[in-house]
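Enquirer: Can you keep this structure in mind? I'll have questions shortly.
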Amino acid sequence: MGVRATGIGSLPGEDFLGAVRVVLEDLPDLPHLPELPDRGATAGMVGRAVAVVGELGLDLQPAGWRLTDAPGVDHRRARSLLAQDLDVLEEQSQGFDGTLKVQVAGPWTLAATVEKPRGDKVLSDHGARRELAQALAEGVGRHLADVARRVPAATVVLQVDEPALPAVLGGRVPTASGFGRHRTVHPPEASEALGWVVAAAGERLVAVHCCDPAVPVGLLRSAGAGAVSLDVTALPVAAYDDLAGVLDDGATLLLGVVASTGTTVPTTRSVVERTQRLLDMLGFEAPEVADQLVLTPTCGLAGATPAYARGVMRTLREAARELG
1 MGVRATGIGS LPGEDFLGAV RVVLEDLPDL PHLPELPDRG ATAGMVGRAV AVVGELGLDL
61 QPAGWRLTDA PGVDHRRARS LLAQDLDVLE EQSQGFDGTL KVQVAGPWTL AATVEKPRGD
121 KVLSDHGARR ELAQALAEGV GRHLADVARR VPAATVVLQV DEPALPAVLG GRVPTASGFG
181 RHRTVHPPEA SEALGWVVAA AGERLVAVHC CDPAVPVGLL RSAGAGAVSL DVTALPVAAY
241 DDLAGVLDDG ATLLLGVVAS TGTTVPTTRS VVERTQRLLD MLGFEAPEVA DQLVLTPTCG
301 LAGATPAYAR GVMRTLREAA RELG
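Take a look at the structure:
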């Protein structure tokens, strides 16, 4: 199998058909279901997760997504858009028999983003955040089954996006007033809720992505994640022991080695050398852990120009093949 390359999820623009074609062409070893936030709130990371959530109703308010008694018009639009996108993916991936990645926002990023019916974040209410996490897990199970039905020869893997998790653990999520901070969520509770979503994937590989320098690698692994996705360009050296532990355990590392925005795409050689230097610091040679490595951008590419985004994907693919 060797080293592979993939994207984190988001891409620039509004042309979903074109995005699917680009991903299948430029990242053939591990394509992903694109997210195009430029199409609006129903198409971004949180909007995608809202479309997946089962049993709960949500609607889009001026301050963002909010829990409601029944699905609002924007919730229904998010679900409809996801179904349309999956139709496009099914049509364009005919005969694809490799590994396909889909993404969903994690329970703690949702809890730190979605509001309760009367305002303030779900994060402020223990029962509400538990209910939201369980509804997300239920919806993820159905979503993965739907993707597997549409692309039957593919091996479907899941990426859970948790950019807000370090802020949740550190008590850094602001309250609605902006003058206070929500209480810290302790690691056992955080691991439990994340574990429900991971478990919903069944036997499928689950990667948890967090581009914060304080990514809690140990917690992600304790929640059952078989892979960890992070921005290695921002990691402190103290975190390298955790990365080495992931490889020692036989798990997978998705290494964010190329900036998600910029004006000049780095060369393949520079990406290869950066990855080799990191592995050397971790105490590994690329050939011995090649099957456990995936190269990615540091985060989503929605903020990049189309030319830069495509250049990054091609460079990552070439670097992965050279390393592998």
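Residue numbers (the UniProt record's numbering): 1 to 324.
For every residue, glycine included, the Cβ atom is placed at its ideal position computed from N, Cα and C.
Being a predicted model, the structure only gives us computed values, none of them experimental.
1) Just to confirm before moving on: does the CB-CB distance between Ala78 and Thr42 stay below 8 Å?
2) Consult DSSP for Thr109 and reduce its assignment to one of helix, strand or coil.
3) Since I believe Leu158 is in contact with Arg204 (beta carbons under 8 Å), could you give me their beta-carbon distance rounded to a whole number of angstroms?
4) Between the segment 132-150 and the segment 96-106, can you find at least three pairs of beta-carbon atoms closer than 8 Å?
5) With a threshold of 16 other CB atoms inside 10 Å of the CB of Pro297, please say whether the residue is buried or exposed.
6) Any chance the segment 15-30 sits against the segment 272-287, with 3 or more Cβ pairs inside 8 Å?
7) For Arg150, which beta-bridge partners are listed by DSSP?
8) Specify the secondary structure class of Gly47 as computed by DSSP and reduced to three states.
9) My output table needs one value for His182: the three-state DSSP class, helix, strand or coil.
10) What are the complete beta strand (DSSP E) segments, minimum 3 residues, inside the segment 12-95?
11) Can you name the start and end residues of the beta strand (DSSP E) that Thr155 belongs to?
12) Do Ala207 and Gly2 come within 8 Å of each other at the CB atom, strictly closer than that value?
13) Per the contact definition of three or more C-beta pairs closer than 8 Å, is the segment 34-41 in contact with the segment 163-173?
14) State the CB to CB distance for the pair Pro306 and Pro12, rounded to an integer number of angstroms; the pair is presumed to be in contact (CB under 8 Å).
15) Measuring only the C-alpha atoms, how far is Leu235 from Gly250?
16) Roughly how many whole angstroms lie between the Cα atoms of Ala133 and Leu194?
17) Give the DSSP-derived three-state secondary structure of Ala133 in the structure shown.
18) What residues are listed by DSSP as bridge partners for Cys210?
19) Could you say which of Val46, Ala63, Arg149 lies nearest to Asp97 if we only look at CA atoms?
20) Whole angstroms are fine: how far does the CA of Thr184 sit from the CA of Gly170?
21) Do Val294 and Thr113 have their C-beta atoms within less than 8 Å of each other?
22) Is there a C-beta anywhere in chain D that falls below 8 Å from the one on Arg150?
23) Just grab the DSSP bridge partners of Glu115 for me.
24) Does Met281 pass the burial test, meaning 16 or more other C-beta atoms within 10 Å, or should it be called exposed?
25) Measuring alpha carbon to alpha carbon, tell me which residue in Leu123, Glu131, Lys121 is nearest Gly54.
26) DSSP state of Arg172, grouped into three classes?
27) How about Asp120 and Thr175: do their beta carbons lie closer than 8 Å?
28) Under a three-way DSSP split, which group does Thr6 fall into?
29) So if DSSP puts Pro297 in a beta bridge, which residue, or which two residues, is it bridged to?
30) Less than 8 Å between the C-beta atoms of Ser93 and Val151, yes or no?
31) Comparing alpha-carbon positions, which option in Val173, Leu24, Thr261, Leu82 lies nearest Val46?
32) Per DSSP, which one or two residues make a beta bridge with Val140?
33) Return the CA-CA distance between Leu219 and Pro187, expressed in angstroms with no decimal places.
34) Per DSSP, what kind of secondary structure is Leu279 in: helix, strand or coil?
Expert: Let's see:
1) yes
2) helix
3) 6 Å between Cβ atoms; contact.
4) yes
5) That one is buried.
6) no
7) DSSP lists no partner for Arg150.
8) helix
9) His182: coil per DSSP, three-state reduction.
10) 57-61, 64-68
11) 155-161
12) Contact flag unset, no.
13) By the Cβ criterion, the segment 163-173 is not in contact with the segment 34-41, since fewer than three pairs of Cβ atoms, one from each stretch, lie closer than 8 Å.
14) 5 Å
15) 21 Å
16) 8 Å
17) In the structure shown, Ala133 adopts helical secondary structure according to DSSP, grouped into three states.
18) Leu230
19) Arg149
20) 6 Å
21) Contact annotation: Val294 and Thr113 have beta-carbon atoms that are not nearer than 8 Å.
22) As a matter of chain content, chain D is missing from the structure shown, which is built from one protein chain.
23) As a beta-bridge residue in DSSP terms, Glu115 pairs with Arg66, Lys121.
24) exposed
25) Glu131
26) coil
27) yes
28) coil
29) Pro297 is bridged to Val258.
30) yes
31) Of Val173, Leu24, Thr261, Leu82, the residue nearest in Cα terms is Leu82.
32) Looking at the DSSP assignment, Val140 forms no beta bridge with any residue, so it has no partner.
33) 7 Å
34) helix
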